[in-house]
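What follows is a single structure, written as structure tokens, with notes after it.
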Amino acid sequence: FDRRVVRGMETTLGLVGKDFAIVAADRSAARSIVVFKQDEDKVLELDSHKLLGSAGTAADSKAFTEYIQKNVALYEINTGLKLSTAAASNFIRGELATALRRGPYQTNLMLGGFDSAENRASLYYIDYLASSNKVNYGCHGYASNFVLSILDREWKEGLDVEQGVEIIRKCIAELETRFLVSLPAFTIKLVDKDGIRLLNQHRPEVAAA
Amino acid sequence: MSILEHNGAAIIAMAGKDCVAIAADTRMGLRQQTVATDFEKVFKMTDSVFVGLAGLATDVQTLRNTLKFRLALYALREEREIKPDAFAALVSHMLYEKRFGPYFVEPIVAGLKPDGPFLCGMDLLGAPVFTEDFVVAGTCTENLHGMAESMWRPDMSPDELFETVSQCLLSSVDRDAMSGWGAVVHILTPTGVTSKKLKGRMD
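Chains as they are written, first to last, in the working numbering: chain L, 276 to 484; chain B, 7 to 209.
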């Protein structure tokens, strides 16, 4: 457990709508006072209908999320079946829990997925201590202090894509105004019955510069 | 802040006349921030054994899965369901196995034996205490102890028991920042289990 690493500066958030889930994450890769890059994609596509947004120590986030991605693929190869989002959440939680007392992964996750069997999207908030909660919306990191009140106010049952994206836009706008740490760019991905699509790499021109 | 208070919990179990109740709040937070208001902390192990797990949420979930697994094996080997006192002994043993790297949970076992209710509370190392009236666990045990001590009386009917347990829990969590945000009560009687959600202050 590297206590020198500043935790909480990275952000991942998500929400569910009528038949879709959105998972977003900031695009900064930084340590201490230095920003290495502004175009890091932290929303990993586990399979065609699952998104895993991560926030935390870069090494742990990358290693763990890629490990999960490969194991999800292996499950499909072995059994010919796709994991449900709930099953994926349990698998992720189990792996984090096993590692917790051995060599913990310092990574907070938002798992969003669409299950064709139930024709419903779901979102799971998984923290680095391996507790998992099915939620309608959530946010990790210091940004949650700013963003959760907006989500509490604006989220309602049965949002459509436009309304969902508008809420995300409001969250990001709030962070731009009030959050000390500058997060100029966000990756915003959506998953629904047709799969995953990249909604907006928020302000990509900043990253390209 | 102790690691046992990181996520917040309030659990109480009480004995009545041939019935037992176990109730818990449903808040799950990260220190001062509330994350979920539907977090399950009381789990049905068998028709006559319930366990409430207070403490670190990750260990609550891990322990719940491990206990489910161990009970499934027990049922296969013994070809019967586990009794409340045997289950309490199992939990105590599992916790003490991790004596020098424990699970950060303080379980409560509530069950119904043929001759009456069974109550057992444990600390995180598995030290059990068996009582005839009530057991409490969580972040507001002082509140819960005070409420239960005043309100408990012997030989309550299931309805009286439900009312008593609910009032004890709701009043206790209202003075604790880390617990509350919803509550669930389970009443075990020889004829079956009734589960009810309580309407409390969502703050």
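Even for Gly, the Cβ is constructed at its ideal location relative to N, Cα and C.
N-terminal and C-terminal residue of the beta strand (DSSP E) that residue i is part of
{"i": "S201 (chain B)", "result": "198-204"}
{"i": "F140 (chain B)", "result": "140-144"}
{"i": "Y400 (chain L)", "result": "395-401"}
{"i": "L4 (chain B)", "result": "The structure shown has nothing for residue 4 (chain B), since chain B only spans 7 to 209."}
{"i": "P123 (chain B)", "result": "122-128"}
Residue-level contact to chain L via CB, residue i, 9 angstroms cutoff
{"i": "A78 (chain B)", "result": "no"}
{"i": "T64 (chain B)", "result": "yes"}
{"i": "V41 (chain B)", "result": "yes"}
{"i": "T68 (chain B)", "result": "yes"}
{"i": "L131 (chain B)", "result": "no"}
{"i": "F45 (chain B)", "result": "yes"}
{"i": "G61 (chain B)", "result": "no"}
{"i": "G58 (chain B)", "result": "no"}
{"i": "M34 (chain B)", "result": "yes"}
{"i": "H1 (chain B)", "result": "The question about residue 1 (chain B) has no answer, for chain B in this structure spans 7 to 209."}
{"i": "H151 (chain B)", "result": "no"}
Span of the alpha helix (DSSP H), counted from its first residue to its last, around residue i
{"i": "R217 (chain B)", "result": "A query on residue 217 (chain B) cannot be resolved here, the shown segment of chain B reaching from 7 to 209 and no further."}
{"i": "C174 (chain B)", "result": "164-179"}
{"i": "G152 (chain B)", "result": "147-157"}
{"i": "G439 (chain L)", "result": "436-453"}
{"i": "Y350 (chain L)", "result": "333-354"}
{"i": "G369 (chain L)", "result": "360-375"}
{"i": "P90 (chain B)", "result": "90-103"}
{"i": "A16 (chain B)", "result": "Note, A16 (chain B): premise wrong, no alpha helix (DSSP H); beta strand (DSSP E) at 16-21."}
{"i": "L36 (chain B)", "result": "Segment 34-36 is the beta strand (DSSP E) holding L36 (chain B); no alpha helix (DSSP H) there."}
{"i": "E429 (chain L)", "result": "419-429"}
Any C-beta of chain B under 9 angstroms from that of residue i
{"i": "D335 (chain L)", "result": "no"}
{"i": "L455 (chain L)", "result": "no"}
{"i": "G378 (chain L)", "result": "no"}
{"i": "E368 (chain L)", "result": "It is Arg, not Glu, that sits at residue 368 (chain L) in the sequence shown. Chain B, which has a Cβ nearer than 9 angstroms to the Cβ of R368 (chain L), makes this yes."}
{"i": "A237 (chain L)", "result": "The structure shown does not extend to residue 237 (chain L), since chain L is modelled only from 276 to 484, so the question has no answer here."}
{"i": "A460 (chain L)", "result": "no"}
{"i": "A348 (chain L)", "result": "no"}
{"i": "L371 (chain L)", "result": "yes"}
{"i": "L384 (chain L)", "result": "no"}
{"i": "A405 (chain L)", "result": "yes"}
Same chain, Cβ closer than 8 angstroms to residue i, neighbours up to 5 away in sequence not counted
{"i": "L510 (chain L)", "result": "Given a span of 276 to 484 for chain L in the structure shown, any question on residue 510 (chain L) remains unanswerable."}
{"i": "Q38 (chain B)", "result": "A183"}
{"i": "L130 (chain B)", "result": "L10, G61, L101, P108, Y109, F110, V111, E112"}
Same chain, Cβ closer than 6 angstroms to residue i, neighbours up to 5 away in sequence not counted
{"i": "G186 (chain B)", "result": "D31, R33, V179"}
{"i": "L141 (chain B)", "result": "Position check: residue 141 (chain B) holds Val in this sequence, whereas Leu was assumed. Here the set comprises A19, I114, L125, G127."}
{"i": "S54 (chain B)", "result": "G117, L118"}
{"i": "K203 (chain B)", "result": "V190"}
{"i": "G433 (chain L)", "result": "K293"}
{"i": "T170 (chain B)", "result": "M157"}
Residues near residue i in its chain [Cβ-Cβ closer than 7 angstroms; skip 5 each side]
{"i": "F75 (chain B)", "result": "none"}
{"i": "D91 (chain B)", "result": "F124"}
{"i": "E393 (chain L)", "result": "none"}
Any non-hydrogen atom of the ligand SAH closer than 8 angstroms to residue i Cβ
{"i": "A305 (chain L)", "result": "No copy of the ligand SAH appears in this structure; indeed no ligand is present at all."}
* To do: Mind checking the segment 407-422 of chain L against chain B and listing, in chain order, the residues whose C-beta falls within less than 9 angstroms of any C-beta there?
  => S407, N408, K409, V410, G413, S419, N420
* Determine contact between the segment 335-344 of chain L and the segment 304-323 of chain L, defined as no fewer than three beta-carbon pairs at a distance below 8 angstroms. => yes
* **Segment contact flag, the segment 17-34 of chain B with the segment 186-199 of chain B, C-beta cutoff 8 angstroms, min 3 pairs** => yes
* **Interfacial residues, the segment 386-403 of chain L to chain B, with Cβ spacing under 7 angstroms** => Using a CB distance below 7 angstroms, the part of the segment 386-403 of chain L facing chain B consists of Y400, D402, ordered along the chain.
* On the three-pair Cβ rule with 8 angstroms, is the segment 298-313 of chain L touching the segment 346-364 of chain L? -> Counting Cβ pairs under 8 angstroms, fewer than three are found: no touch.
* Is the segment 399-414 of chain L in contact with the segment 38-45 of chain B, if contact means three or more CB pairs nearer than 8 angstroms? -> yes
* Should the segment 325-335 of chain L be regarded as contacting the segment 386-406 of chain L, the criterion being three or more beta carbon pairs within less than 8 angstroms? -> Because the criterion of three Cβ pairs below 8 angstroms is met, the segment 325-335 of chain L and the segment 386-406 of chain L touch.
* Validate contact between the segment 380-400 of chain L and the segment 94-102 of chain B using beta carbons, cut 8 angstroms, 3 pairs -> no
* Pull out every residue of the segment 96-108 of chain B whose Cβ sits closer than 8 angstroms to any Cβ of chain L, in chain order. => Only G107 from the segment 96-108 of chain B bring a Cβ to less than 8 angstroms from some Cβ of chain L.
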